[in-house]
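Peer 1:
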Amino acid sequence: MSSINDVIVQINSAATTTILVLGFTNFILGAIGLVFNLIIFTRPSLNREPCSVYFFWSTCFSLFVVYIIVPLRILSNNFNIDMTNSNLGICKIENFANYSSRAIPCWLILLACLDRYFHSSSNVNIRRLSSLKVARWSIPILSLIIMILYSHMLVYYEIYYTTNQSGNIIGTCSPQKGIYRAFIGFWYMILYSLCPSLLMLLFGLLTLNNVRQHRRVVPTISGNNQILRRTDNQLLRMLIAQVLVIMIATLPYSINQLYSSFTANITKSTLRIAQESFATRVLGSMTSFAHTTSFYFYTLTGTIFRKEFHKIIQRCFHKNQNREPSLHRETNAIGNIHSNRKLLISHINYPSKQ
Numbered sequence: 002m003s004s005i006n007d008v009i010v011q012i013n014s015a016a017t018t019t020i021l022v023l024g025f026t027n028f029i030l031g032a033i034g035l036v037f038n039l040i041i042f043t044r045p046s047l048n049r050e051p052c053s054v055y056f057f058w059s060t061c062f063s064l065f066v067v068y069i070i071v072p073l074r075i076l077s078n079n080f081n082i083d084m085t086n087s088n089l090g091i092c093k094i095e096n097f098a099n100y101s102s103r104a105i106p107c108w109l110i111l112l113a114c115l116d117r118y119f120h121s122s123s124n125v126n127i128r129r130l131s132s133l134k135v136a137r138w139s140i141p142i143l144s145l146i147i148m149i150l151y152s153h154m155l156v157y158y159e160i161y162y163t164t165n166q167s168g169n170i171i172g173t174c175s176p177q178k179g180i181y182r183a184f185i186g187f188w189y190m191i192l193y194s195l196c197p198s199l200l201m202l203l204f205g206l207l208t209l210n211n212v213r214q215h216r217r218v219v220p221t222i223s224g225n226n227q228i229l230r231r232t233d234n235q236l237l238r239m240l241i242a243q244v245l246v247i248m249i250a251t252l253p254y255s256i257n258q259l260y261s262s263f264t265a266n267i268t269k270s271t272l273r274i275a276q277e278s279f280a281t282r283v284l285g286s287m288t289s290f291a292h293t294t295s296f297y298f299y300t301l302t303g304t305i306f307r308k309e310f311h312k313i314i315q316r317c318f319h320k321n322q323n324r325e326p327s328l329h330r331e332t333n334a335i336g337n338i339h340s341n342r343k344l345l346i347s348h349i350n351y352p353s354k355q
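Going letter by letter, the sequence shown gives residues 2 to 355 in the working numbering.
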């Protein structure tokens with residue numbers, strides 16, 4: 002019996018260490034990369050593309066995940082600092098914000114997939130749907146819809162009090178027991194991972210099919226049209242990379258949530274509970290990679306994105322290089338002014354004799 006307890010302690014310790022490492026890794030990756038995303042997607046070469054607008058706002062919501070949700074999870078999982086377990090209002094609001102802020106970026110990437118599909122279509126009426134006007138309307142509408150679809154969490158999340166191994170009464174912020182607890186597992190999997198991922202895959206394949214058909218009809222392009230086509234292809238590669246990351250990072254956790262819902266009423270040993278808790282906590286932390294790694298994959302797959310990043314770095318580097326010469330020139334100019342002033346004063350005090 003003592004050996005089982007030792008194994009459980011080791012599992013819990015490994016989970017705590019793994020989550021801490023993943024949490025800090027996600028925070029560092031996102032804090033640096035997402036800021037560069039915001040700067041690059043506002044550059045003139047990209048901000049005229051509807052797809053870039055979706056990327057930009059997906060980055061904005063991912064910033065909320067990185068700077069708010071990830072630190073809160075680190076404090077909760079590793080340092081037992083969690084207000085959700087003692088305050089019902091915070092319990093409801095934090096879980097609602099956590100789920101909705103993670104889902105919105107995924108659905109915005111789906112809108113980017115739709116935009117590429119519209120843009121590559123041979124039908125003129127469908128191509129018109131790929132526009133900045135459509136993007137600026139669809140982003141707030143989609144965000145509002147996702148928040149409404151998760152609004153039930155503000156009602157059905159409660160604090161449940163249990164006695165731990167030390168005999169202390171502790172609170173846990175959880176969904177209501179019964180049907181809703183099984184429902185939230187399905188809902189999370191469908192709305193966060195499965196549905197957007199499958200739709201991304203579908204429209205990605207349709208877009209590639211449109212591109213292949215268009216190349217057969219118009220094999221060669223020249224001038225400005227060739228530059229635009231190259232930009233479109235690069236945005237498509239960036240989009241495919243982002244879709245793959247979202248699917249890899251979110252699907253395992255969604256499957257685990259579904260498994261937990263199916264086995265909620267099964268009697269489990271303490272060892273099995275510890276193992277399942279380890280899987281849930283680690284896979285939950287890995288979902289943050291869907292929100293923190295976009296900059297690095299955009300840099301690897303998009304030449305135009307990489308060029309804009311190089312321009313920003315070079316501009317900062319040249320500013321630092323030119324700062325010292327400019328200060329030197331300003332110092333010389335000030336010295337010349339002082340010397341001219343002294344010469345003028347000497348002429349005034351001692352005028353030359355006629």
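Virtual Cβ for every residue (Gly too), placed ideally from N, Cα, C.
1. Which residue marks the beginning of the alpha helix (DSSP H) containing P176, and which one marks its end?
2. Which stretch, first to last residue, makes up the alpha helix (DSSP H) that contains G186?
3. For I20, count neighbouring C-beta atoms within 10 Å of its own C-beta (all shown protein chains included) and say buried if the count is 16 or more, exposed if not.
4. Can you round the beta-carbon distance between S262 and A183 to whole angstroms, since I take them to be within the 8 Å contact cut?
5. Over what stretch of residues does the alpha helix (DSSP H) that includes P106 continue unbroken?
6. For Y157, which of N169, C92, I29 and I170 has the nearest alpha-carbon?
7. Taking the alpha-carbon of I160 as reference, which of L145, H153, S152 and K178 has the nearest alpha-carbon?
8. Touch check for the segment 72–88 and the segment 30–46: three-plus C-beta pairs under 8 Å?
9. In the DSSP output, which residue or residues are listed as bridge partners for E159?
10. Take A104 as the anchor and find which of R117, R273 and W58 has the nearest alpha-carbon.
11. Between V244 and L199, how many whole angstroms is the CB-CB distance? I'm expecting something under 8 Å.
12. Along the chain, which unbroken stretches of the beta strand (DSSP E) at least 3 residues long are found entirely within the segment 227–258?
13. If I follow the unbroken alpha helix (DSSP H) through Y1, where does it start and stop?
14. With 16 as the cutoff for other CB atoms within 10 Å, does Y193 come out buried or exposed?
15. Name the residue from V22, L76, F42 and F97 whose alpha carbon lies nearest to the alpha carbon of S152.
16. Reducing DSSP to helix, strand and coil, say where P51 ends up.
17. Given a threshold of 16 other Cβ atoms within 10 Å of its Cβ, counted over all protein chains shown, does E325 qualify as buried or as exposed?
18. Is the distance from the Cβ of S295 to the Cβ of V71 below 8 Å?
19. Count the CB pairs spanning the segment 301–313 and the segment 34–47 that are closer than 8 Å, and state whether there are at least three.
20. Specify the secondary structure class of F42 as computed by DSSP and reduced to three states.
21. Spell out a yes or no on whether the segment 244–258 and the segment 99–117 are touching, meaning 3 or more CB-CB pairs, one atom from each, closer than 8 Å.
22. Please classify T18 as buried or exposed, where buried requires at least 16 other C-beta atoms within 10 Å of its C-beta.
23. In terms of alpha-carbon separation, which member of T302, I305 and F279 lies closest to V10?
24. Leaving out five residues on either side along the sequence, give the residues of the same chain with a beta carbon under 6 Å from the beta carbon of S239.
25. Where does L133 land, buried or exposed, given buried means 16+ other C-beta within 10 angstroms?
26. Need the endpoints of the alpha helix (DSSP H) that L145 sits in, please.
27. Just verifying my parser: in three-state terms, what is the DSSP assignment at A280?
28. Tell me whether C317 is buried or exposed, calling it buried when 16 or more other Cβ atoms sit within 10 Å of its Cβ.
29. Considering only heavy atoms of the ligand ZN, does any lie closer than 7 Å to the CB of S53?
30. Do you know offhand how far C52's Cα is from S131's?
31. With a threshold of 16 other CB atoms inside 10 Å of the CB of H292, please say whether the residue is buried or exposed.
32. Count the other C-beta atoms from every protein chain shown that fall within 10 angstroms of the C-beta of T208, then say buried if there are 16 or more, exposed otherwise.
33. Leaving aside the five residues before and after L111 along the sequence, list all residues of the same chain whose C-beta is less than 6 Å from its C-beta, in chain order.
34. For R44, which residues of its own chain have a beta-carbon under 6 Å away from its beta-carbon, when the five flanking residues on both sides are left out?
35. Would you please state the rounded distance, in angstroms, between the beta carbons of F56 and F42? I believe it to be under 8 Å.
36. Taking the alpha-carbon positions, what's the I5 to T271 distance?
Peer 2: According to the structure data:
1. For this step, residue 176 is matched to residue 175 along the sequence shown. It is not in any alpha helix (DSSP H) - P176 instead sits in the beta strand (DSSP E) that spans I170 to P176.
2. Taking the first residue of the sequence shown as 1, we reach residue 186 at position 185. Counting along the chain, the alpha helix (DSSP H) containing G186 begins and ends at I180 to Y189.
3. Residue mapping note: residue 20 aligns to position 19 of the sequence shown, counting from 1. Burial state of I20 is buried, judged by a 10 Å Cβ sphere holding 16 or more other Cβ atoms.
4. As a first step, residue 262 is located in the sequence shown; it is residue number 261 there, counting from the start. As a first step, residue 183 is located in the sequence shown; it is residue number 182 there, counting from the start. At roughly 4 Å, the Cβ-Cβ gap stays under 8 Å, so S262 and A183 are in contact.
5. As a working note, residue 106 is residue 105 in the sequence shown. Start and end: L89 to S121.
6. In the sequence shown, the residue the question calls residue 157 occupies position 156. Y157 has its Cα closest to that of C92, out of N169, C92, I29 and I170.
7. Residue 160 sits at position 159 when you count from the first residue of the sequence shown. Out of L145, H153, S152 and K178, K178 has the C-alpha closest to the C-alpha of I160.
8. Taking 8 Å as the limit for Cβ pairs, the verdict is that the segment 30–46 does not touch the segment 72–88.
9. In the sequence shown, the residue the question calls residue 159 occupies position 158. BP columns for E159 point to S175.
10. Start at 1 with the first residue of the sequence shown, and residue 104 comes out as number 103. Nearest Cα to A104 within the set R117, R273 and W58: W58.
11. Along the sequence shown, one-based indexing puts residue 244 at 243. Along the sequence shown, one-based indexing puts residue 199 at 198. Between the beta-carbon of V244 and that of L199 there is about 11 Å, and that puts the pair past the 8 Å contact cut.
12. Runs found: none.
13. In this structure the chain extends from 2 to 355, so residue 1 is not present and cannot be described.
14. The count along the sequence shown starts at 1 and reaches residue 193 at position 192. Burial call: buried.
15. Start at 1 with the first residue of the sequence shown, and residue 152 comes out as number 151. S152 has its Cα closest to that of F97, out of V22, L76, F42 and F97.
16. What you label residue 51 is simply residue 50 of the sequence shown in a count that begins at 1. Reduced to three states, the DSSP call for P51 is helix.
17. The count along the sequence shown starts at 1 and reaches residue 325 at position 324. Bear in mind that a pLDDT of 47 at E325, under 50, signals an unreliable position, so the model cannot answer this.
18. By one-based count along the sequence shown, residue 295 stands at place 294. By one-based count along the sequence shown, residue 71 stands at place 70. Contact: no.
19. Counting Cβ pairs under 8 Å, three or more are found: they touch.
20. Taking the sequence shown and counting its residues from 1, one reaches residue 42 at position 41. Three-state DSSP puts F42 in coil, outside helix and strand.
21. Contact holds: three or more Cβ-Cβ distances are below 8 Å.
22. On the sequence shown, residue 18 is found 17 positions in, with the first residue counted as 1. Label assigned to T18: exposed.
23. In the sequence shown, the residue the question calls residue 10 occupies position 9. For V10, the closest alpha carbon among the candidates T302, I305 and F279 is that of F279.
24. The residue given as residue 239 occupies position 238 in the sequence shown. The question names Ser, yet the displayed sequence has Met at residue 239. Hits under 6 Å: Y299, T302 and G303.
25. As a working note, residue 133 is residue 132 in the sequence shown. So L133 ends up on the exposed side.
26. What you label residue 145 is simply residue 144 of the sequence shown in a count that begins at 1. Taken as a continuous stretch (DSSP letters only), the alpha helix (DSSP H) holding L145 covers L133 to L150.
27. Translated into positions along the sequence shown, residue 280 becomes position 279. The answer is helix: DSSP assigns A280 an H, G or I state.
28. If you number the sequence shown from 1, residue 317 lands on position 316. Exposed, by the Cβ-count rule.
29. Inclusion of the ligand ZN in the displayed structure is not the case, the ligand content being empty and no account of it being possible.
30. If you number the sequence shown from 1, residue 52 lands on position 51. If you number the sequence shown from 1, residue 131 lands on position 130. Per the coordinates, the alpha-carbon of C52 lies some 8 Å from the alpha-carbon of S131.
31. For the purposes of this step, residue 292 is taken as the residue at position 291 of the sequence shown. Counting the other Cβ atoms within 10 Å of the Cβ of H292 gives 16 or more, which makes it buried.
32. Walking along the sequence shown from the start, residue 208 turns up at place 207. Under this definition T208 is a buried residue.
33. Walking along the sequence shown from the start, residue 111 turns up at place 110. Same-chain partners within the cutoff: P197, L200 and M201.
34. In the sequence shown, the residue the question calls residue 44 occupies position 43. E309, listed in sequence order.
35. As a position in the sequence shown, residue 56 is number 55, starting the count at 1. As a position in the sequence shown, residue 42 is number 41, starting the count at 1. Yes, they are in contact, since the Cβ atoms of F56 and F42 sit about 5 Å apart, within 8 Å.
36. Within the sequence shown, numbered from 1, the residue matching residue 5 stands at position 4. Within the sequence shown, numbered from 1, the residue matching residue 271 stands at position 270. Answer to the nearest angstrom: the Cα atoms are 9 Å apart.
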